[in-house]
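Peer 1:
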Amino acid sequence: MTGARAGDGFPEIVVQRPAPGGGRRVTVGAVRLGLAHSDRDVIEFLRRAGLDDADQLVLGDSPAIQWQGGRPHEYGAG
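The opening position of the sequence shown corresponds to residue 63 in the working numbering, with each subsequent residue numbered one higher.
Next up, the structure:
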């Protein structure tokens, strides 16, 4: 499922730009899942949202995840 894209019946997953104090807000559609400080956090948030293949999505650099502002997988203050 790593080829999944938002808009192909797949939810829009956004990892927003790093916050000034560190961490990145994660959303699925209009739902805020939490503030992630690591890939492990993103995976857990997505699992709780019902995405069983969350580890493949995050660690496989799926195009279904939009990494906004900053490099993917970096969570420090921007």
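A virtual CB, placed ideally from N, CA and C, is assigned to each residue, including glycine.
None of the values given here were measured: they were computed from a predicted structure.
Would you call Ile127 buried or exposed, if buried means 16 or more other Cβ atoms sit within 10 Å of its Cβ?
Peer 2: Numbered from 1 along the sequence shown, position 65 holds the residue referred to as residue 127. With 16 or more other Cβ atoms within 10 Å, it is buried.
Peer 1: Might you give, ordered along the chain, the residues of its own chain that have their beta carbon closer than 8 Å to the beta carbon of Gly132, omitting 5 neighbours on each side?
Peer 2: If you number the sequence shown from 1, residue 132 lands on position 70. These residues qualify, in order along the chain: Arg79, Pro80, Arg86, Gly140.
Peer 1: Can you name the start and end residues of the alpha helix (DSSP H) that Ala116 belongs to?
Peer 2: As a position in the sequence shown, residue 116 is number 54, starting the count at 1. Annotation for Ala116: the continuous alpha helix (DSSP H) segment containing it runs 116 to 121.
Peer 1: How about Ala98 and Arg109: are their beta carbons less than 8 Å apart?
Peer 2: As a position in the sequence shown, residue 98 is number 36, starting the count at 1. As a position in the sequence shown, residue 109 is number 47, starting the count at 1. Contact flag unset, no.
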